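What follows is a single structure, written as structure tokens, with notes after it.
Protein chains: 2
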Amino acid sequence: MYEMTIQLQTDSKVRLYEQIYRHIKQEIIEGKLLAGERLPSTRSLADYLQVARSTVDEAYGQLCDEGYIEACPYRGYFVCAVEEWLQAPMQDVDERVENAVRRPQGVGDNGRGASDTFRDEIYESDTRTRSWQVDFSPYAIDMSAFPMSVWKKLSRKVLTEAEVDLFAKGDARGDLGLRRSISRYIHSARGVECTPDQVIVGAGNEYLLMLLEKILGGNLRIAMENPTYERSYRIFHSFEYEVVTVPMDDSGMIVEELKKTKADVAYVMPSHQFPTGTVMPIGRRMELLNWANGAEGRYLIEDDYDSEFRYRGKPIPALQASDKQGKVIYIGTFSKAIAPAIRVSFMVLPPVLLEKYHRECGFYSCTVSRIDQRILEEFIRDGYFERHLNKMRKIYRAKHDLLMDSLKTMRKSFDISGENAGLHLLLTSKTEREEKWLREAAAAVGVKVYGLSDSVVDGEDIPHNGTVLLGFGGLDEAAIRQGVELLKQAWYK
Amino acid sequence: MYEMTIQLQTDSKVRLYEQIYRHIKQEIIEGKLLAGERLPSTRSLADYLQVARSTVDEAYGQLCDEGYIEACPYRGYFVCAVEEWLQAPMQDVDERVENAVRRPQGVGDNGRGASDTFRDEIYESDTRTRSWQVDFSPYAIDMSAFPMSVWKKLSRKVLTEAEVDLFAKGDARGDLGLRRSISRYIHSARGVECTPDQVIVGAGNEYLLMLLEKILGGNLRIAMENPTYERSYRIFHSFEYEVVTVPMDDSGMIVEELKKTKADVAYVMPSHQFPTGTVMPIGRRMELLNWANGAEGRYLIEDDYDSEFRYRGKPIPALQASDKQGKVIYIGTFSKAIAPAIRVSFMVLPPVLLEKYHRECGFYSCTVSRIDQRILEEFIRDGYFERHLNKMRKIYRAKHDLLMDSLKTMRKSFDISGENAGLHLLLTSKTEREEKWLREAAAAVGVKVYGLSDSVVDGEDIPHNGTVLLGFGGLDEAAIRQGVELLKQAWYK
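If you read the sequences in order, they're chains X and A. Numbering of the first sequence is given in the numbering used here, commencing with residue 1456 and proceeding in unit increments. Numbering of the second sequence is given in the numbering used here, commencing with residue 1456 and proceeding in unit increments.
This is the structure:
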């Protein structure tokens, strides 16, 4: 049995569960804990460390979520098999994060930043049309908490201070100040490793993907999971790309299947796959990175669209954080976390592609006005963004918990999945109910639920039991309660 | 001899020269005046109509500029040969314009609009680097007249009035209000025929061209004049397009040469070609339109980048105004007329492409924030834009006239061309001076002039005598005077 050598620091700012989580993760990365090894039971480790059992539960839970260990019912926790670690030993992401947070703001052009990021493309919620009593749109967000007064205040301040040069042409990548704010943010919140130089700001994910198409060059084969985010599929499809789909399992894209496709680029959402909510475990991430390292010109596009909102454990670090070879193109957006009309997304280019960008695409002017850039820069830099996120996390968590609670009595006939993060969850019928029936029965009582099949692309027929998506971001508490009541009437009549 | 049947209306708001110009143009379009026919001399027509000779001069001058008639030294004015007129008789653009202007504002969704438009992509002027005493950049604009206080006032107003829904997602084409303002403006100022439905707003020309690539589909052959606007060339080159260049003569792209290329799309700047300043006469326009009508899938991209600023006669109508078959994609921008950081460009799609856009590209969200859209909408709608343009026209005209005046003593050794519009003119050495020598001699005294060869693309070697571009948009009067003095020292030493 593995012996835990950790020294817990009770006077640290770092919470106890996190100290345990970090220690074990580091041991696994350094090979001191090997695949298949069993961890102490939560009770025995809690006894040994003199902490509450729930503390160890939390640490183990996070390690499970990230795929470092797995729980086998009645047998305990075991270290997962992770494909060979990459050359450079992985630095502890969380320590870097702390350093970054402690570092004084505004210093150095090598600044690093904090982030989770978010789906850029929010479909118009059908609620707008007023034809639904309750619309469980997975794309809707809560705009009632938009930080209107702060945004207006900052806008006025930026306008008042604006000199005429702010209306002259700026850096094609976006102004340095904003790129610095972003890189600092995504570093501290998502573990993304980059300098502000590598950040390209653009008006929305679609634009950035278009630009990326120019950087990568045409005639590529791009692999996507199936089901996947349909809008991204349509975008790639409108490119001169051959889009191929790759089956997924509980860990996300199956790398053996990816290899068969001979794809050049794979598009993934490792922190929270849409629509399934799958979190890609570290083992699968390594497999993907090793695939990308296997040939020149292979890249991974990481769409980190809504990792901000997680209801269990700490945020899952970005895939980019584990990338030592410059193979990950990281894309994030502020549309989901702030508001859809804040048309600011960004991508982080690995050095090779950054060079190509400068050589071949540097003449594409930045698509975001410099006034807007400045407002967002100050919004992030002065801590408003973090406060706003904390507020939104509370709001979404309350909605999430209420929805989960309301669904309790339905769990006999439905499995719930994808519920640990994001703004929607999945309900899968345990009986013979098909998706179509579920949607139509819901529609008959005025409730809109979304089908998993909407996200199945490429004309394939992915076998799935009747599964529907329930989004809660755009609904208030009364609507969630009412919606679930109506669903019960519809589905249990 | 052709008999003029015009009835001048001395009480009309329409100026006399314009009444004469319109009448003759209409006679030509209707075939009452035939190619090769001689017009009365300006003196005899002035006598006959009882107007000043300068009035007739002005009318003939505008007709010459637009290519309806031509002047033969010592012989008089003759009607030009214009390739067959298109099926629908051309409505008089100017009458339409007047109707549009008279129509009450804010009425109907079929609204038309006023415009000239402008180069989107202003290169950073080298003046910024302070290494030049005087930089005659053809890309620089005068930012000192930026309507800062109005812009700030409108921004504050929009922000104060903004409800939370202005931060939710808007129409993918841009909000209707702005599209209405734009379509009204380009109709009244440029004669562009379109409904607001056909207008697509985007953050810069580059983005719109990228979107257009998706709408048109890939693997096209696109023809450009040579020399041409280098940035557009680079953009098309970065697409999956085959870019071919077509020689030009004094009227612009030579259509016989275009035909040889088997191109699908031709990119032109008919109102003011960059860099040559050529205005495409109506005859060449008709040839181009007939070429486009000759096969399905052929289109003309009209980049109407700076037609706002014209120093002689009325603005030249847009090519789109003569297009009866839906073959012209019209692109304009506010970057040049207002400020580069106002990242708003727009394109007008013909119906067939609009349908394709809705079918295949409607999911690309608008790249301009809705706040910025609203500010610009009010800026145009409330007349600020027109006032700003009038102010800029005066400013640029003064600079233009000063530059022309300063260059007077150099006209023995240099031809001046392209001087009737835009923010630059061309100087061509009458002696054996080569472009390289002119640039280097200028550089030796701290003056930056731009070479015509910078705009020669495709690795071709267009024969041209030593020609340099002198831009004046970004220079104040003292700099223009100083710059020309230095050039004289450099070139006549």
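Each residue gets a CB set at the ideal place from its N, CA and C atoms; glycine is no exception. In this text the structure is predicted, and so the values were computed from the model without any measurement.
Does the distance from the CB of residue i to the CB of residue j come in under 8 Å?
| i | j | result |
| --- | --- | --- |
| A:Arg-1635 | A:Asp-1759 | no |
| A:Arg-1628 | A:Ile-1655 | yes |
| X:Leu-1925 | X:Leu-1882 | yes |
| X:Ile-1737 | X:Gly-1877 | no |
| A:Ile-1832 | A:Gly-1632 | Note that residue 1832 of chain A is Glu in the sequence shown here, rather than Ile. Yes, these two residues count as a Cβ contact at 8 Å. |
| A:Ser-1765 | A:Gly-1516 | According to the sequence shown, residue 1765 of chain A is Arg rather than Ser. For A:Arg-1765 and A:Gly-1516, no; Cβs fall outside 8 Å. |
| A:Ile-1784 | A:Ile-1756 | yes |
| A:Arg-1753 | A:Asp-1704 | no |
| A:Leu-1621 | A:Ile-1826 | yes |
| X:Leu-1862 | X:Glu-1932 | no |
| A:Asn-1681 | A:Val-1701 | yes |
| A:Val-1803 | A:Gln-1775 | yes |
| X:Asp-1520 | X:Val-1734 | yes |
| A:Tyr-1819 | A:Leu-1667 | no |
| X:His-1763 | X:Ala-1792 | Strictly speaking, residue 1763 of chain X in this sequence is Glu, with His absent from that position. Yes, they are a contact pair. |
| A:Ser-1872 | A:Gly-1921 | no |
| A:Ala-1897 | A:Met-1598 | no |
| A:His-1843 | A:Pro-1651 | no |
Who does residue i pair with in a DSSP beta bridge?
| i | result |
| --- | --- |
| X:Glu-1661 | X:Glu-1661 pairs with nothing; no bridge assigned. |
| A:Lys-1903 | A:Asp-1590 |
| X:Cys-1527 | X:Gly-1531 |
| X:Thr-1883 | X:Asp-1870 and X:Thr-1922 |
| X:Glu-1697 | X:Arg-1676 |
| X:Ile-1935 | None, per the DSSP bridge assignment. |
For chain A, is any of its Cβ atoms less than 8 Å away from the one on residue i?
| i | result |
| --- | --- |
| X:Thr-1822 | yes |
| X:Ala-1536 | no |
| X:Lys-1903 | no |
| X:Gly-1491 | no |
| X:Met-1679 | no |
| X:Gly-1738 | no |
| X:Thr-1584 | The predicted position of X:Thr-1584 is uncertain, since its pLDDT is 42 and thus under 50; a value taken from the coordinates is nonetheless stated next. Chain A contact via Cβ: absent. |
| X:Thr-1572 | Caution applies to X:Thr-1572, whose pLDDT of 26 falls short of 50 and renders its modelled position unreliable; the value that the coordinates give is listed next. False, the Cβ-Cβ gap to chain A never drops below 8 Å. |
| X:Gly-1673 | yes |
| X:Arg-1863 | Looking at the sequence provided, one finds Lys at residue 1863 of chain X rather than Arg. By this cut-off, X:Lys-1863 is not an interface position. |
| X:Lys-1669 | yes |
For residue i and chain X, any beta-carbon pair shorter than 8 Å?
| i | result |
| --- | --- |
| A:Arg-1825 | yes |
| A:Lys-1854 | no |
| A:Lys-1624 | yes |
| A:Glu-1661 | yes |
| A:Met-1847 | no |
| A:Gln-1462 | no |
| A:Gly-1752 | no |
| A:Tyr-1760 | no |
Report the three-state DSSP secondary structure of residue i (helix, strand or coil).
| i | result |
| --- | --- |
| X:Glu-1763 | coil |
| A:Ile-1756 | strand |
| X:Phe-1869 | strand |
| X:Phe-1801 | strand |
| X:Glu-1680 | strand |
| A:Asp-1704 | strand |
| X:Thr-1584 | Note that X:Thr-1584 scores 42 on pLDDT, short of 50, meaning its location in the model is unreliable; the coordinates nonetheless yield the value given after this. Of the three classes helix, strand and coil, the one that applies to X:Thr-1584 here is helix, per DSSP. |
| A:Ile-1484 | helix |
| A:Thr-1731 | coil |
| A:Tyr-1640 | helix |
| X:Tyr-1947 | coil |
| X:Asp-1575 | Confidence at X:Asp-1575 is low in this model, with a pLDDT of 29, below 50, so its placement is unreliable and the value that follows should be read with caution. The answer is coil: DSSP assigns X:Asp-1575 none of H, G, I, E or B. |
| A:Val-1911 | coil |
| task | Can you give me, in chain order, the residues of the segment 1779-1798 of chain A that have a beta carbon less than 9 Å from any beta carbon in chain X? | result | Along the segment 1779-1798 of chain A, going in chain order, the ones with a CB nearer than 9 Å to a CB of chain X are Ser-1790, Ile-1793, Ala-1794, Pro-1795, Ala-1796, Ile-1797 and Arg-1798.
| message | What are the residues in the segment 1802-1819 of chain A lying within 9 Å of chain X by C-beta distance? | response | Glu-1815, Cys-1816, Phe-1818 and Tyr-1819
| task | With 7 Å as the C-beta to C-beta threshold (strictly closer), list the residues of the segment 1682-1703 of chain X near chain A in chain order. | result | Going along the segment 1682-1703 of chain X in chain order, one finds Arg-1686, Arg-1689, Ser-1693 and Glu-1695 with a Cβ nearer than 7 Å to chain A.
| task | May I ask you to list, following chain order, the residues of the segment 1599-1628 of chain X that have a beta carbon less than 9 Å from some beta carbon of chain A? | result | Ser-1599, Phe-1601, Met-1603, Trp-1606, Lys-1607, Ser-1610, Arg-1611, Leu-1614, Thr-1615, Ala-1617, Glu-1618, Val-1619, Asp-1620, Leu-1621, Phe-1622, Ala-1623, Lys-1624 and Gly-1625
| field | Interfacial residues, the segment 1925-1942 of chain X to chain A, with Cβ spacing under 9 Å | value | none
| field | Contact set between the segment 1721-1750 of chain X and chain A, restricted to residues whose Cβ is under 9 Å from the partner | value | none
| field | Where the segment 1626-1658 of chain A meets chain X: residues whose CB sits under 7 Å from a CB there | value | Ala-1658
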